[in-house]
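Protein chains in written order, with our numbering: chain B, 18 to 345; chain U, 18 to 345; chain S, 11 to 346; chain V, 11 to 346. In this text, a Cβ means the ideal position worked out from N, Cα and C, and glycines have one as well.
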Amino acid sequence: MPRKRYIQAINETLFQEMERDDKVILIGEDVELAIFGDTRGLYERFGPSRIRNTPICEATLTGMAVGMAAAGYRVILHMMFSNFVYTGFDAIANQMTKLRLMTGGQMELPITLIAGYGGGRATAAQHSDSPHPVLMNLGGMNVLMPATPADAKGLLATAVRGRNPSIYLEASGRGGDSGEVPDGEYLVPLGKAAIAREGTDVTIVAIGTMLKPALAAAKKLAEEGISAEVLDPRCLVPLDEEAILASLAKTGRLVVVDEARDRCSAASHIAAIAADRGFADLKAPVKRVAFENVPMAYAPNVEAAYFPSAERIAAAAAGIMTKAKVIS
Amino acid sequence: MPRKRYIQAINETLFQEMERDDKVILIGEDVELAIFGDTRGLYERFGPSRIRNTPICEATLTGMAVGMAAAGYRVILHMMFSNFVYTGFDAIANQMTKLRLMTGGQMELPITLIAGYGGGRATAAQHSDSPHPVLMNLGGMNVLMPATPADAKGLLATAVRGRNPSIYLEASGRGGDSGEVPDGEYLVPLGKAAIAREGTDVTIVAIGTMLKPALAAAKKLAEEGISAEVLDPRCLVPLDEEAILASLAKTGRLVVVDEARDRCSAASHIAAIAADRGFADLKAPVKRVAFENVPMAYAPNVEAAYFPSAERIAAAAAGIMTKAKVIS
Amino acid sequence: MNQLANIDTERDRNWLALYENMLLIRRAEERLCAEAQAGTLPGTVHSYIGQEASAVGVCSLLREDDYITSTHRGHGHYLAKGGDLDAMFAEIWGRADGICKGMGGSMHVADVSRGILGANGIVGGGLAISTGAAFGAQLEGKGKIAVCFFGDGAANQGVFMESMNIATAWSLPVIFLCENNGLSEFTVSSQVTGGDLIDRARAFGMFAEQVDGNDVIAVQEVVARAIDHARAGNGPCYVETTTYRIRGHLEAEDLFLGGGRYRTPEEIAAWQTAERDPILRFARRLIEETGLSESDLTAVEEAVAGRVEAAVQFANASGPADVELPRRVTFADQQP
Amino acid sequence: MNQLANIDTERDRNWLALYENMLLIRRAEERLCAEAQAGTLPGTVHSYIGQEASAVGVCSLLREDDYITSTHRGHGHYLAKGGDLDAMFAEIWGRADGICKGMGGSMHVADVSRGILGANGIVGGGLAISTGAAFGAQLEGKGKIAVCFFGDGAANQGVFMESMNIATAWSLPVIFLCENNGLSEFTVSSQVTGGDLIDRARAFGMFAEQVDGNDVIAVQEVVARAIDHARAGNGPCYVETTTYRIRGHLEAEDLFLGGGRYRTPEEIAAWQTAERDPILRFARRLIEETGLSESDLTAVEEAVAGRVEAAVQFANASGPADVELPRRVTFADQQP
Ligand SMILES: Cc1ncc(C[n+]2csc(CCOP(=O)(O)OP(=O)(O)O)c2C)c(N)n1
Ligand SMILES: Cc1ncc(C[n+]2csc(CCOP(=O)(O)OP(=O)(O)O)c2C)c(N)n1
Ligand SMILES: [Mg+2]
Ligand SMILES: [Mg+2]
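See below:
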């Protein structure tokens with residue numbers, strides 16, 4: 018399989034899906050020249066009736082996506098940075114995620130929102146949010162967070178072809194990360210987690226960008242004789258609860274890693290599932306390694322201090338091993 | 018102590034706080050005539066320089082609150098129904114909750130947002146959300162959910178006098194519920210839970226409107242010989258984790274009841290805390306009784322079927338008692 | 011002088027249809043108000059009484075495949091665009107045979123198959139949706155247009171400007187149809203509104219006209235030109251129908267107002283005269299300007315009464331809404 | 011002809027101060043761009059080069075207790091309103107002595123004590139904040155006003171209309187100061203904008219004027235009238251300064267563009283001539299119309315260079331930002 022950068026996988030998938038179905042329309046601010054590179058070249062290929070720069074007006078763009086979908090189109094709306102999802106939040110929270118129910122199922126809403134999320138590059142508080150917990154709580158919207166180039170491709174294609182609103186959160190600044198990406202048609206089903214590393218002592222569920230530090234933590238832990246299984250949920254809605262519980266049944270211990278603020282985070286929710294359905298398997302407290310309940314600071318030293326790191330993850334995992342195991 | 022209706026307690030507190038401090042300004046749509054009754058009579062007393070109807074423009078109102086605060090005022094912004102918080106979400110999520118940090122602490126933001134939340138009255142999906150989980154995840158904003166008339170008074174006064182942004186979620190349609198309300202100055206500190214009923218077998222944490230069905234469930238459980246302690250957190254940010262853990266230490270069992278949709282709810286977060294810090298005390302799975310991950314339906318029979326009810330709460334609690342206890 | 015000789019009978023038929031549609035809305039709303047007051051409906055209703063000429067004048071000129079978006083005060087738009095009365099009543103009753111299977115209720119009546127993209131509980135919520143539908147219509151190239159009904163209160167929501175801007179920049183076939191009844195809930199709109207609303211549209215250089223919204227024929231005349239303009243690909247239009255809301259903002263308003271008031275009984279009465287009420291005044295015109303007689307109108311009145319009564323019976327006979335539905339329809343092909 | 015005799019020396023001093031302030035912004039921005047290109051800054055910067063006459067013309071007329079809100083391109087506004095250069099550089103360097111203690115960075119420079127309510131990373135974010143501050147100023151009754159700087163791209167955000175509406179309805183002392191540089195990131199604004207922006211303000215009947223934003227004296231002349239209008243309690247104003255952004259949308263733009271382009275080098279060059287560049291052209295005017303000489307300007311140039319160099323040293327010498335700060339300042343008197 019060829020190795021490709023994450024952003025390139027997204028770009029190729031957009032080409033593929035727009036080629037495949039001429040009902041797919043992509044709009045957003047600056048999508049023609051593509052500030053993140055993900056939409057690059059689409060304008061030259063498909064022209065203004067398929068991809069178009071919009072004015073800056075997120076509140077209207079999210080509502081327009083609903084109207085375009087109602088008129089029979091498959092909409093991809095690029096929202097640039099995830100914080101701008103808040104600017105366009107009204108039609109997401111009050112229309113897009115509710116209209117299927119409110120109309121008794123009449124409305125088809127094949128809409129894919131794309132937004133870059135996350136910190137780590139000194140973009141400060143208004144360009145770094147990880148809004149997936151907020152979106153998960155809305156109900157009525159799939160939440161996809163691919164961590165690898167292959168999943169970036171497979172989940173995007175599935176979302177674009179699907180019948181429901183999805184938000185596809187693209188790891189900002191992951192443009193440079195490479196991985197193997199299957200050629201041709203490649204669909205990753207929604208709601209299927211992936212085991213990124215097998216292990217037996219502790220399960221680390223790592224969301225999106227957190228996969229990388231989680232894998233690094235697992236490596237460190239292995240050196241200490243602790244075998245960590247790293248699970249990448251890939252999708253948060255629908256969530257593969259069974260895969261998480263199966264891993265927990267094997268290891269008996271759980272650490273959930275989330276770049277979002279901790280309170281009411283995906284980490285909280287996964288921990289809650291473990292405390293309910295996985296209770297019988299739990300040998301130790303369920304740990305969350307998440308962002309503290311504060312906005313992102315600008316200064317890189319401060320940003321780094323609040324970010325879930327391999328060290329924090331490894332420490333959380335080691336902390337819930339039995340003493341015997343730790344000193345063995 | 019005199020008995021007062023919930024809405025009356027709020028109304029009197031607004032009078033009291035606006036009387037006390039002439040820097041308190043109240044704005045919002047239709048606040049002069051007061052659609053919920055909570056702001057009734059304030060206009061006649063304080064006039065247009067203290068309370069004022071606004072145009073319908075939630076996105077600007079939330080931003081204006083920031084500017085008014087920066088100019089030295091204590092702002093009460095009434096947002097009517099909680100779903101309109103989503104309409105004004107941008108300045109909440111990107112400015113109000115972040116500006117103190119972004120300015121290195123320069124900005125004073127004594128802002129109280131008020132919104133009516135919750136379902137149960139066939140108002141359908143766009144007038145019934147319980148948005149507290151979304152707001153809890155933002156960080157930078159207190160989240161208050163008084164369940165009783167006394168707390169309605171005490172928490173509102175504390176919020177209005179505070180130095181931080183708060184959202185005060187008023188139980189829609191609770192106007193008729195009465196309770197004892199202390200006369201005169203009465204402040205409930207933020208982050209202090211209340212034990213609404215003592216018990217020894219299971220802790221039921223009931224958020225906001227859920228207190229009522231939780232107490233009803235506790236009564237039912239008592240008839241079955243199960244002693245439930247009912248804890249009302251009153252505030253979700255800051256959250257009284259210690260009180261929850263102390264009750265859990267006593268009972269060993271936890272049910273969390275939340276009217277919000279389950280995914281990434283306050284219930285999830287409290288369950289996650291139990292699974293972490295309270296793990297050693299847990300004798301059984303932590304149960305969440307919340308709204309399913311769907312929008313609110315209009316038809317009352319459907320609405321009722323999805324609502325956390327005394328029956329569902331009691332069943333959840335009974336389900337985690339040891340067999341012996343249940344049949345005893 | 012008998013004008014019968016001058017009258018084109020097709021116009022008579024058309025005018026009578028306008029009358030019937032306005033009357034249907036009026037009588038349906040009256041029934042809903044009565045039911046709401048009697049406490050037989052689950053939620054509350056926002057009545058369109060007094061504004062009928064706006065919805066009917068506009069929708070009488072639309073194709074079935076044109077789109078409309080509506081407001082919290084949406085029954086009139088739904089009916090005028092051809093929505094089924096029985097299914098609307100069953101919806102408001104919260105029943106299985108409701109147009110939205112009881113999931114939406116009064117504030118969310120929608121019939122996507124007829125281009126009715128829904129009443130909306132979010133003030134201003136339809137602006138972007140209709141703009142998006144108009145973009146879809148433009149891409150499709152079959153001459154469809156979208157009409158966005160919204161109120162003078164909604165015109166203060168920023169999405170109004172945003173939607174006009176993108177519609178202008180992209181030359182979208184959308185008509186922004188502002189029903190200016192001077193009121194926003196319990197607020198007199200002029201107290202919270204700067205300038206004249208129509209000037210906000212003129213700022214985009216778009217087709218912009220104001221018309222007496224209680225004169226169904228005048229509405230038709232202006233809207234016909236707007237539709238031609240939009241359908242021909244000349245871009246968006248703004249039409250403002252000036253009108254008045256006769257009933258409270260919502261039924262049970264008095265309960266909410268607790269003795270306060272934002273308008274006088276005299277003001278309301280002044281809009282209910284034979285000169286101003288859209289139905290009374292059109293009735294007079296039908297008698298004076300067409301070959302139709304009082305008995306024709308009485309027949310219409312009876313037919314309408316029958317339809318309303320039948321709709322109530324339909325709603326009452328309909329079974330309860332399906333409790334499983336939220337789990338089944340929140341997502342297509344997927345559990346929530 | 012020696013014009014010295016005609017020149018009022020106070021005006022000379024004022025004009026020289028305008029020149030110095032513009033030059034300070036220019037040189038500070040140039041240094042920031044160079045540092046950003048060299049990779050020595052943590053985040054990125056959006057440079058104000060080419061637009062200096064707008065911020066300086068406006069802020070030169072404000073009281074210290076007046077409010078401004080700014081944009082992502084906010085260094086110029088901050089400096090023109092009297093923000094400290096050293097503290098700004100330390101901020102952009104992410105250091106403890108930054109004006110926001112390193113918590114905000116380039117996009118969030120703010121000095122509340124000087125009425126600088128902050129640069130803002132949300133396009134349009136300042137509109138409502140300044141409107142709210144103006145409401146506060148009105149309530150306080152001490153004659154303060156608020157100036158909201160925003161771009162032509164931001165003028166398509168609905169909060170623009172919403173803010174103008176409420177400011178008009180409440181007669182608020184706010185000046186909506188649109189810096190129209192024709193560009194919104196990598197989009198030519200005219201392609202996504204309907205009509206002329208100024209007409210959106212005129213729709214509210216407000217004071218609305220457009221001015222050459224590269225002519226600092228012309229800006230002053232128009233803004234002086236707007237300030238009088240607002241301070242006198244006559245309500246909001248709209249002033250549009252037409253200008254041009256010389257540098258990329260942000261430093262490292264080329265990296266983001268990946269070879270694409272949205273304007274030509276010729277277009278940029280045409281704005282850098284002695285006739286159009288706000289600083290070059292004002293320098294010429296200083297020589298021609300005042301008693302000042304080349305050597306006066308050279309002295310200013312040297313002083314500015316010294317201040318910029320000192321600010322770099324200040325920033326470099328400042329300690330790292332305090333890691334505990336988010337826990338301490340996210341809330342006042344409370345743990346997050
Ligand atoms: C976003 C939002 N804000 C506030 C409300 C509450 N609300 C319902 S109707 C209404 C007034 C609307 O006035 P207008 O648009 O003129 O419509 P009208 O009721 O006059 O038909 C308000 C404020 C709402 N439903 N949605
Ligand atoms: C709400 C929001 N949407 C999008 C962006 C991304 N963005 C940053 S600057 C910009 C263009 C702004 O143009 P304009 O307002 O004219 O300011 P200029 O950059 O020309 O000074 C965009 C789209 C943003 N920061 N915030
Ligand atoms: Mg109205
Ligand atoms: Mg610009």
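Task: Whole-angstrom distance between B:E187 and V:A100, CA atom to CA atom - done: 32 angstroms
- [ ] Identify the contact partners of B:T175 in chain S, using a Cβ-Cβ distance below 8 angstroms as the criterion.
- [x] Within chain S, no residue comes near B:T175; the closest Cβ sits about 12 angstroms away, beyond 8 angstroms.
Task: Exposed unless 16 or more other CB atoms sit within 10 angstroms - verdict on U:M18 - done: exposed
- [ ] Would you identify the three-state DSSP class for S:Q220, choosing helix, strand or coil?
- [x] strand
TODO: Identify the contact partners of S:P336 in chain B, using a Cβ-Cβ distance below 8 angstroms as the criterion.
DONE: L118
TODO: Could you give the DSSP three-state label for V:C69: helix, strand or coil?
DONE: helix
Open item on the list: Is there a Cβ of chain U sitting closer than 7 angstroms to that of S:H118, yes or no?
Closed with: yes
- [ ] Check the Cβ-Cβ distances between S:I132 and every residue of chain U, and say whether any is below 7 angstroms.
- [x] yes
Task: Separation of U:M153 from S:I126, as counted between CA atoms - done: 37 angstroms
Open item on the list: Using C-beta distances below 7 angstroms, list every residue in its chain close to S:L335, excluding the 5 sequence neighbours before and after it, in chain order.
Closed with: K111, M113
TODO: Report the rounded CA-to-CA distance for V:A65 versus U:L204, giving the unit in angstroms.
DONE: 46 angstroms
- [ ] Could you pull out every unbroken alpha helix (DSSP H) segment of at least 4 residues lying fully inside the segment 31-116 of chain B, listed in chain order?
- [x] 59-63, 75-87, 100-104
TODO: Give the straight-line distance between the Cα atoms of S:G60 and V:R337, rounded to the nearest whole angstrom.
DONE: 57 angstroms
TODO: Note down the Cα distance separating B:R69 from B:H144, rounded to an integer number of angstroms.
DONE: 23 angstroms
Open item on the list: Given 6 angstroms as the limit, tell me if V:D162 has its C-beta closer than that to any heavy atom belonging to ligand 4.
Closed with: yes
Task: Nearest-angstrom Cβ-Cβ length linking U:L265 and U:T220, presumed shorter than 8 angstroms - done: 5 angstroms
TODO: Taking all protein chains shown into account, decide if U:E328 is buried (16 or more other Cβ within 10 angstroms of its Cβ) or exposed.
DONE: exposed
Open item on the list: Less than 6 angstroms separating the Cβ of S:N191 from some heavy atom of ligand 3?
Closed with: yes
Open item on the list: When you compare the CB of S:G146 with every CB in chain B, is at least one pair closer than 7 angstroms?
Closed with: yes
Open item on the list: Would B:M124 pass as an interface residue toward chain S - the criterion being a Cβ-Cβ separation below 7 angstroms?
Closed with: yes
Open item on the list: Is there a Cβ of chain B sitting closer than 7 angstroms to that of V:M98, yes or no?
Closed with: no
TODO: Determine the DSSP secondary structure at U:N28, reduced to helix, strand or coil.
DONE: helix
- [ ] In the DSSP assignment, find the unbroken beta strand (DSSP E) run with U:G196 in it and report its ends.
- [x] 195-197
Open item on the list: Just checking U:I73 against ligand 1 - is the residue's beta carbon closer than 6 angstroms to any of the ligand's heavy atoms?
Closed with: yes
Open item on the list: Going by beta-carbon coordinates alone, are V:L193 and V:R286 separated by less than 7 angstroms?
Closed with: no
- [ ] Check the Cβ-Cβ distances between V:V198 and every residue of chain S, and say whether any is below 7 angstroms.
- [x] no
- [ ] Look at V:V169 and V:G136 and say whether their C-beta atoms are less than 7 angstroms apart.
- [x] no
Open item on the list: Going by C-alpha to C-alpha distance, which of B:A231, B:G156, B:G89 sits closest to S:K152?
Closed with: B:G89
Open item on the list: So, with DSSP's three-state summary, where would you put S:N24?
Closed with: helix
Open item on the list: What does the alpha-carbon distance come out to for the pair S:I132 and S:A236?
Closed with: 26 angstroms
Task: Environment of U:P182 [buried if 16+ CB atoms lie within 10 Å] - done: buried
Open item on the list: Does U:R22 come out as helix, strand or coil in the three-state DSSP assignment?
Closed with: strand
- [ ] State whether the segment 118-131 of chain U contacts the segment 74-94 of chain U, with contact taken as three or more CB pairs (one from each stretch) at a distance under 8 angstroms.
- [x] yes
Open item on the list: Please report the straight-line C-alpha distance between V:Q201 and U:A322, rounded to a whole angstrom.
Closed with: 51 angstroms
TODO: Return yes when the Cβ of S:L182 is within less than 7 angstroms of the Cβ of S:F159, no when it is not.
DONE: no
- [ ] Could you name the residues of the segment 84-114 of chain V whose beta carbon sits closer than 8 angstroms to any beta carbon of chain U, in the order they occur along the chain?
- [x] G108, I109, C110, K111, G112, M113, G114
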